[in-house]
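Per my numbering, residue 251 is the first one in the sequence shown, and the count goes up by one each step.
Here the structure is laid out as structure tokens; the discussion comes afterwards.
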Amino acid sequence: MSTSFSNPDYSAKSYLDHRPRYPQQLYQTILDFHNTPSTTADIADYPTPQTKLALDLGCGPGIATSELVPHFEKVVAVDESEPMIQIASGHLPHVDCRVGSATRIPIESGTVDLITVATAAHWFPDQWWEEASRVLKPGGTVAVWTVSHQMMIGLSISSTFFSVTAYHSLCRINQHGREKLLCPFMIYS
């Protein structure tokens, strides 16, 4: 959701073509977490996996969005960049692609089972959590991930700067559910 994405010279198609993909194990971990009740009370309240509606927020050209399609009855992709939404809708015919923001998600309250944010949360103001809470169903899941830039080889000053400014202030580790994750992924919220 960078302002550069709205620049007329920016190529959303090139972004789609050259952006690295995320590992399948990441998606499987998210789905396993989402589909496994956390407590006995959850089993009573949500006896079957909730797979009616997934939302990919800050979807860009739909790289992560496409991985949700086989697992949910409906998938909505939202991004502030109209060129990104045009590219996403062009190659994701079964996805409802919408221009919108993280603080004004164009979805009805309490309807979303899973929200994914793939390497986009750094563009969102903190108020996006309130909006995510508004659209998420009780028992729903929010999965946020990004790439790690904790160390820059040969750039110790840059590494320290990043560690102090970004890693410690932007990434808040969410401990809820971590004991269930037996994988190399960290959960940030």
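Just so you know, even glycine gets a beta-carbon here, dropped at the ideal spot from N, CA and C.
By the criterion of at least three beta-carbon pairs nearer than 8 Å, the segment 332 to 348 is not in contact with the segment 277 to 288. Going by C-alpha positions, H372 is about 16 Å away from E380. One alpha carbon belongs to G340, the other to S316, and they sit about 12 Å apart. Shown here for I280: same chain residues with a beta carbon closer than 6 Å to its own, the five before and five after excluded, namely A393 in chain order.
A direct Cα-Cα distance of roughly 8 Å separates I337 from G310. Around the CB of E330, 16 or more other CB atoms lie within 10 Å, so the residue is classed as buried. Under DSSP, V349 takes part in a beta bridge, and its partners are D329. Selection A314, I313, P320 evaluated against K302 yields P320 as nearest (Cα-Cα). Annotation: the continuous alpha helix (DSSP H) that includes D282 extends over 274 to 285.
Under the three-state reduction of DSSP, I337 is assigned to helix. The beta carbons of L305 and V326 sit closer together than 8 Å. Remark: C-beta atoms of A352 and L307 approach each other more closely than 8 Å.
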